[in-house]
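**Q** Once you've had a glance at the structure underneath, I'll fire off some questions.
Residue numbers (the numbering used here), protein chains in the order written: chain A, 68 to 671; chain B, 20 to 631.
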C-alpha cells in the first residue's frame, strides 16, 4: 500500500465537516479520493445511506472506480455531478416544486440536441438570430436573475445574451419545459439549484438527499459550473452533511460550459470548511515544474517531485506538419516502452498533423445528404456521438421532413426506436465506406442512392411521406470540387501521428505520460500567439493559459514543447524567463539530442 | 414499509386488477381459477428474479392476457407495486424509487413499475423495471434495491420434505447461513473448527491409521514408487457443506426421519423455518412472504392455530408482510375480516376484481359482529359465485330442493345457501356493498307479523294490514337497509316459511302434512292430513292450519327435521327433483332463487357477449 505524504496525511486526517483541497497537478488527487472513500467505508455506520463520489466528467468517475478496485454499489453513488443532480433532485422533485413542468427528460448527447431544428412538430428550437435553445448555457446570476450565454460556433467564445434575445430564449425554453420537459445539462443544473433553494420545499429536499448521502465527494471541483457548484454548496451548507471537495483552479479549462475558476473560492467559505493544499507534485520533474509554473494562473511555484528525472525542451519548427513527426519519430525510435502522447490545444491542429482536416461542407441543396456528410466528417474525427446524431437527423429529414423525432413520434409511425437507431448506424457506416475519389456531387449522389435503398429496405408504414428517388444533390456552388477536400481521411487511415496517439489538451485531462509533446501551431496574428495570450489578463485568454498549464503538467518525464520559429522569437523577447526555463533547440538539434540522452531512462 | 397496492394489467387472467394490501397478514380468498396464484406471481415478476426466493421465475408468452383463445393482440404487461409506510431510513435507502410527498414526507411512497412486451418477431420478452415518480424515461431500478425486497414464495405444491432434508436445497442451511452472517465475529470459524477437530480425530483413529498404512503398502506394490503414498482424508471443511448436512427434525427422531412424518407436520416445520428466516430482516430489507394454501395437509384445528399465528404475530415493523391464498373457510373464518381480500368475478364485466374487507368502513363494533358471525359455514360465502342468506337450517335445507324443482342445481352453479342462524342480516350490509364484495346475494327472511294471541294456539292470528299481513318492524328495517342495493335483494315471506310454502299451491299443504307426519311415530295432533282436509279448499285456510300447527302449537316436533323430510320428498327418491308430488314454489323464494341464478348466468355469459 502506498504511504501518504505529509500533505496527504494532513488532508486525510483533518477533522473538518467540509474539506476543500487545492491539489496541484500530479499531487495524487485521485489516489487521495479513493483513500478517503476507503477510510469512510471502513467505519461507514449505516446500510441505508451512502457516499456520493461526484466528478465533472465520466472519466474522473471511472478513475475513482479504478482506484477503489471495485464498483461502489447501492446505496453509494459514483458518477458525474450532472447525473447525480438529475437522478436525486430533478427527477424525483422538480415537478413537485414546479408543477407546471412536464416530465423532465435530459437531452442526451446521442440525440445531438444542438442540431435539432424542432423539438416537436410545431416547436422550433431556434430563436432570434439563429440562437439554438439547446446551445444556450446558464453561466451565473446577476441581481437575482440568471445569466445565459450562447456559443454561435464551435470555435467561438460564449456570448452573454441580453435584452430581447435573453427574454425570448427564456420564454421559449419555458414553453419547451412546460410541454416537453426537455432539459439540457445546463438547464438541469439551473433547475436543480432552484429546487434546492426553494423556500418551501428546498430544505426538505436537501435534508432527504443528505440523509441518503451524508458524505459527498466532489472531484475536479474547478470544472464545476456556476449552478452545479451552487447546488453542491447548498447541499454542503446542511450541517448534517460532510464533504470532501478537491480540485485545482489552475486547471479549470471548461469555461465554454460556464465554468469559472473563481467559484472555487466560494466553497472555501462554507461554514465549517477547512482549506487544505496539496502543493507537492508527485508527477513533474523539477525542470518541467519550473517551466509550467510560468503559466500557473494563480501564480506561485509548483513543488516538483524530487524523485523524478525529466527535461523541458522548447523545440522550434519551421513547418509544423513536416517537423513535428520528426520529433515524435525520434522519441518513438529510442523509447519504445514509454507512454508518449502528442497533444495540441485545438482539434484543427490535431487534424492538420494527422492530415484529416477538411473544409466546410458544401451545400448541395439536399438537407438529408448534408446531414449525412456532416455525420461522416464527425465520424472520421472520432466524434461518434455527434456522427450518430447527424445520421439520425439525415433519416429524420428524409422520412419525417423535420428533425427531433422522438420515441413517441417513431411509435406513431410503427417504428421501433432500436431499429431506427440501427438504421442510422448502418447508413453512417455505409456512407463512410463510399469512395471519396470523385467530386463532391458524385459522393452526394452515391450517398443519396444508398440512403434511398436503406430506407426503402427498412420498410416504412404507408402513412409516411417518403418517396424513393428524391434524395439527390443539386449542382450548386462547389459541386465539382474534389470530394476529398470536404471529407477528412477515413478512420482506416489512422488516428495517430507516426504511430503515436494524438489528442487535444481537453482529451488528456487527468492523464500522466512519460513524454508529452505539446504542439503549438503557427499563427500569423501576433496577438493570438501564446507569447501574448498566455500572459494576457483577459478572462478568455486566462483560460488559454490554464489549458497550457494542463498541457505542460502531464509528463512525469520529459516535456517537449514545439513552437513555430516566429512564436519562439516572440516568446524570447516578451518572456525570456519562460524561455530560459527550457532547453531550447531546433528540430534537427532535438532529433540528435533525443538520439543521445534525452528521455526517461532514469525514471523510477 | 409494506406493499400497499398492486396494480396489474394484461397479466394472465387479469385484463386489469388492483388490490390494496395491509402490513402483516393478508388473506386472499376466492374460487378456483379466479387468479389468486396469478396475483402472487405478478408480485414476484414485478420485483424480479434477483429478489425471488423459491421457485424459478420465467415470463412465458402465455403470461400475456388474452381476451379469447383467438385473440392475437400484442399487449404490454404492467405491474405496479406501491409501498407505503416508509421510515426516514427507508426513504433514503429506496430514494431512487420513492415518489416523494414534499408536503408530508410520511406519505411518500416507493414504487416499482414492471413492464413487459413480447413482439411476435422477438425471441425474448423485453422487460423493464422502473421506479419512483412516473416519468417518460425513468431509469431501471438498481438490482440492489430489488434484492432488498426479498420475496419468499411457497407454492401450493411445495415439497416440504425436499426443502427440509440435508442437501443443496436445504432451507435450514439458508437460515443458518444468514444468521451466521448477522452474528458475524468468529461464528463461521468456530463452527469450521469444530468440524476440523472432528475430522482430525477421525483421521487419528486406529481404524483409519491402520487402513491407511495397509493401503499404502498395497498401492506401492501396485504402482511402484513413482506415485505419492495414498492417504485417507475426511471431507474438506466447508462452512456451506456443514450447514447443508444439518437437518430439522422432531426431537428424538433418527436423522432422515422426515419421510416418516406426515405431510402436514413437515409443512408446519417448513413454514416455521421460513418464518424464522424472515423474523428479523436487515434494516434495509422489506421482505414479503407469499404462501399458497398454508392449510395444505393440516387438519382444521391446526389450520386455526396457524391462522391465529399468522394474524397475530406477523404484523409489525420487524416481521414480514405475508400474503396467503386459501380455499379454506376454516382459515378465512379464523382471521379478522379486515385481513381478508376477496377475489371474485365482477357482476357487470365478468372480469376478476379484488376487494379488501378492510375498505368496508366498519367501525369497531361492526367489525366485531362480523367476525363473530363469520364461522366456518358462513365463510364459505367468500368462495361462492352467489349466495342466498337464510335465517335458519329449515331454509338452508329447503331452498336447494326448491331450486332443483325450478330446474337449477345451486351447487353446480356455485351458489351457496348460508343459514345465519338468526335474523342479523344487517351485519353483512357493509361486507356486501358492491365496492367491497359485490357478488349477487338474495336474503330470504320471514315477515314475522305481530300475532294476536287467542285463548289457544288454534286462535292465534297474524295481524292483518290491508288485504295482507302486517310486516314486523325488523323485516321492514331489513328491507330499508338493502333498498336500492344493486347486488343484494331482500325477499320475505308473508308470515313465515311454513305458511308461505303451504299457501303457494293447492297441493302444498298436503305434501307438507305428509312430511310432518313422518317426523312422528304416531299421528301428530297439531298438524296432519286431517287438519288439511278440514281447512277445505281455501289455500289460505290450509296455510293457516300449517302455520298454527307447526309454528304456534306446542309439540315435540322439530322444524329442522320437518324441513329435512320435506326436502327429501321434493327432490324425489333418486334426487332428480322429479318428485311425483305436486308442489308449487312460493313466489318470494322463486324470486330469490331467480335473482342469484340469473346474475350468475349473466356473469358467466358476460365476456362472450362482449367478445361477440
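Backbone N, C-alpha and C fix where the C-beta goes; we use that ideal spot for every residue, glycine too.
Residue 151/B CB to nearest chain A CB: under 8 angstroms?
**A** Locating residue 151/B in the second chain gives position 132, where the first residue counts as 1. Cβ-Cβ to chain A under 8 angstroms: yes for residue 151/B.
**Q** So which residues of chain A does residue 154/B contact, with C-beta pairs closer than 9 angstroms?
**A** Along the second chain, read from residue 1 onward, the residue named residue 154/B stands at position 135. Residues of chain A passing the Cβ test: 158, 162, 170, 171, 172 and 248.
**Q** To the nearest angstrom, report how far apart residue 489/A and residue 252/A are at their CA atoms.
**A** Counting from 1 along the first chain, the entry for residue 489/A is found at position 422. Counting from 1 along the first chain, the entry for residue 252/A is found at position 185. Straight-line Cα distance between these residues: approximately 26 angstroms.
**Q** Per DSSP, which residues does residue 134/B bridge with? Please list them.
**A** What you label residue 134/B is simply residue 115 of the second chain in a count that begins at 1. DSSP output for residue 134/B lists 97/B and 147/B as bridge partner(s).
**Q** Does the Cβ of residue 505/B have 16 or more other Cβ atoms within 10 Å, making it buried, or fewer, making it exposed?
**A** Start at 1 with the first residue of the second chain, and residue 505/B comes out as number 486. When all chains shown are included, residue 505/B counts as exposed.
**Q** Between which two residues does the beta strand (DSSP E) containing residue 45/B stretch?
**A** Along the second chain, one-based indexing puts residue 45/B at 26. That run of the beta strand (DSSP E) goes 44 to 49.
**Q** Evaluate residue 241/A with the Cβ neighbour count: other Cβ atoms within 10 Å of its Cβ, from every protein chain shown; 16 or more gives buried, anything less gives exposed.
**A** Start at 1 with the first residue of the first chain, and residue 241/A comes out as number 174. It counts as exposed.
**Q** For the segment 121 to 128 of chain B against the segment 142 to 157 of chain A, are there 3 or more C-beta pairs whose distance is under 8 angstroms?
**A** With the cut-off at 8 angstroms, the segment 121 to 128 of chain B and the segment 142 to 157 of chain A do not touch.
**Q** Quick one: grab the DSSP three-state call for residue 619/B.
**A** If you number the second chain from 1, residue 619/B lands on position 600. Helix, per DSSP.
**Q** Considering Cα atoms alone, identify which of 657/A, 333/A and 624/A is closest to residue 288/A.
**A** As a first step, residue 288/A must be located in the first chain, where it is residue number 221. Of 657/A, 333/A and 624/A, the residue nearest in Cα terms is 333/A.
**Q** Helix, strand or coil, according to DSSP, for residue 166/B in the structure here?
**A** Numbered from 1 along the second chain, position 147 holds the residue referred to as residue 166/B. In the structure shown, residue 166/B sits in a helix (DSSP, three-state: H, G or I).
**Q** Residues in the same chain with beta-carbon distance under 7 angstroms from residue 605/A, minus the five sequence neighbours each way, listed in chain order, please.
**A** Position 538 of the first chain holds residue 605/A. No residues qualify anywhere along the chain.
**Q** Establish whether the CB of residue 161/B and some CB of chain A are separated by less than 8 angstroms.
**A** Locating residue 161/B in the second chain gives position 142, where the first residue counts as 1. It does: the Cβ of residue 161/B has a partner Cβ on chain A nearer than 8 angstroms.
**Q** Could you tell me which residues DSSP pairs with residue 511/B in its beta bridges?
**A** For the purposes of this step, residue 511/B is identified with residue 492 of the second chain, where counting begins at 1. Per DSSP, 464/B.
**Q** Mind reading off the beta-carbon distance from residue 347/A to residue 504/A? Whole number of angstroms is fine, and I expect it under 8 angstroms.
**A** Working through the first chain from its first residue, we reach residue 347/A at position 280. Working through the first chain from its first residue, we reach residue 504/A at position 437. So it is not a contact: roughly 56 angstroms between Cβ atoms.
**Q** Between residue 46/A and residue 432/A, what straight-line distance do the alpha-carbon atoms span, to the nearest angstrom?
**A** For residue 46/A there is no data in the structure shown, the boundaries of chain A being 68 and 671.
**Q** What residues in the segment 572 to 586 of chain A bring their beta carbon closer than 7 angstroms to a beta carbon of chain B?
**A** For the segment 572 to 586 of chain A, which is checked against every Cβ of chain B, not one residue is closer than 7 angstroms.
**Q** Measure the C-alpha to C-alpha separation of residue 486/A and residue 141/A and round it to an integer number of angstroms.
**A** Stepping through the first chain from its first residue, residue 486/A is reached at position 419. Stepping through the first chain from its first residue, residue 141/A is reached at position 74. Answer to the nearest angstrom: the Cα atoms are 32 angstroms apart.
**Q** Looking only at its chain, what residues have a beta carbon closer than 8 angstroms to the beta carbon of residue 543/A, apart from the 5 residues adjacent to it on each side?
**A** As a first step, residue 543/A must be located in the first chain, where it is residue number 476. Excluding sequence neighbours, residue 543/A sits near 429, 430, 431 and 432.
**Q** Please report the residue range of the beta strand (DSSP E) in which residue 651/A lies.
**A** As a position in the first chain, residue 651/A is number 584, starting the count at 1. Counting along the chain, the beta strand (DSSP E) containing residue 651/A begins and ends at 650 to 653.
**Q** Between residue 422/B and residue 491/B, what straight-line distance do the alpha-carbon atoms span, to the nearest angstrom?
**A** Your numbering for residue 422/B matches position 403 in the second chain. Your numbering for residue 491/B matches position 472 in the second chain. If I take the Cα positions, the gap works out to 27 angstroms.
**Q** Note the first and the last residue of the continuous beta strand (DSSP E) segment covering residue 479/B.
**A** Taking the first residue of the second chain as position 1, residue 479/B is located at position 460. No beta strand (DSSP E) holds residue 479/B; DSSP gives it neither H nor E.
**Q** Rounded to whole angstroms, what's the CA-CA distance from residue 591/B to residue 511/B? Just pull it up for me.
**A** Numbered from 1 along the second chain, position 572 holds the residue referred to as residue 591/B. Numbered from 1 along the second chain, position 492 holds the residue referred to as residue 511/B. The straight-line gap from Cα to Cα measures roughly 26 angstroms.
**Q** Going along chain B in order, which residues have a C-beta closer than 8 angstroms to the C-beta of residue 140/A?
**A** Along the first chain, read from residue 1 onward, the residue named residue 140/A stands at position 73. What residue 140/A touches in chain B: 161 and 163.
**Q** By a C-beta neighbour count over all protein chains shown, 10 Å radius and 16 as the cutoff for buried, is residue 73/A buried or exposed?
**A** Taking the first chain and counting its residues from 1, the one referred to as residue 73/A is at position 6. It is exposed - the Cβ of residue 73/A has fewer than 16 other Cβ atoms within 10 Å.
**Q** Check whether the segment 39 to 55 of chain B and the segment 341 to 360 of chain B touch, using three or more Cβ-Cβ pairs below 8 angstroms as the test.
**A** Judged by Cβ distances under 8 angstroms, the segment 39 to 55 of chain B makes contact with the segment 341 to 360 of chain B, as three or more pairs qualify.
**Q** Mind pulling the chain B residues with CB within less than 8 angstroms of residue 676/A?
**A** The question about residue 676/A has no answer, for chain A in this structure spans 68 to 671.
**Q** Would you mind working out which of 385/A, 166/A and 85/A sits nearest residue 636/A, comparing C-alpha positions?
**A** In the first chain, the residue the question calls residue 636/A occupies position 569. With distances taken between Cα atoms, residue 636/A lies closest to 385/A.
**Q** The segment 446 to 477 of chain A: which residues have C-beta closer than 7 angstroms to a C-beta of chain B, in chain order?
**A** Taking 7 angstroms as the Cβ-Cβ cut-off against chain B, none of the residues of the segment 446 to 477 of chain A qualify.
**Q** Considering only residues of the same chain and omitting the five flanking positions on each side of residue 601/B, which have a CB-CB separation below 6 angstroms?
**A** Locating residue 601/B in the second chain gives position 582, counting from the first residue. The residues are 526.
**Q** Can you tell me the Cα-Cα spacing of residue 86/A and residue 69/A, whole angstroms?
**A** For the purposes of this step, residue 86/A is taken as residue 19 along the first chain, with counting starting at 1. For the purposes of this step, residue 69/A is taken as residue 2 along the first chain, with counting starting at 1. So the two alpha carbons sit approximately 22 angstroms from each other.
**Q** Tell me, to the nearest whole angstrom, how far the beta carbon of residue 91/B is from that of residue 61/B; I am working on the premise that it is less than 8 angstroms.
**A** Taking the first residue of the second chain as position 1, residue 91/B is located at position 72. Taking the first residue of the second chain as position 1, residue 61/B is located at position 42. The Cβ separation is near 23 angstroms, so there is no contact.
**Q** Going by other Cβ atoms of all chains shown within 10 Å of its Cβ, with 16 needed for buried, is residue 625/A buried or exposed?
**A** Within the first chain, numbered from 1, the residue matching residue 625/A stands at position 558. The residue in question, residue 625/A, is buried, as its Cβ has 16 or more Cβ neighbours within 10 Å.
**Q** For residue 65/A, name the three-state secondary structure that DSSP assigns.
**A** Only positions 68 to 671 of chain A appear in this structure, which leaves residue 65/A out of reach.
**Q** Go to residue 214/B, then tell me how far its alpha helix (DSSP H) extends in each direction, as first and last residue.
**A** Within the second chain, the letter at position 195 stands for residue 214/B. Per DSSP, residue 214/B belongs to the alpha helix (DSSP H) from 206 to 223.
**Q** Taking the alpha-carbon positions, what's the residue 320/A to residue 576/A distance?
**A** By one-based count along the first chain, residue 320/A stands at place 253. By one-based count along the first chain, residue 576/A stands at place 509. Computed Cα separation, rounded: 9 angstroms.
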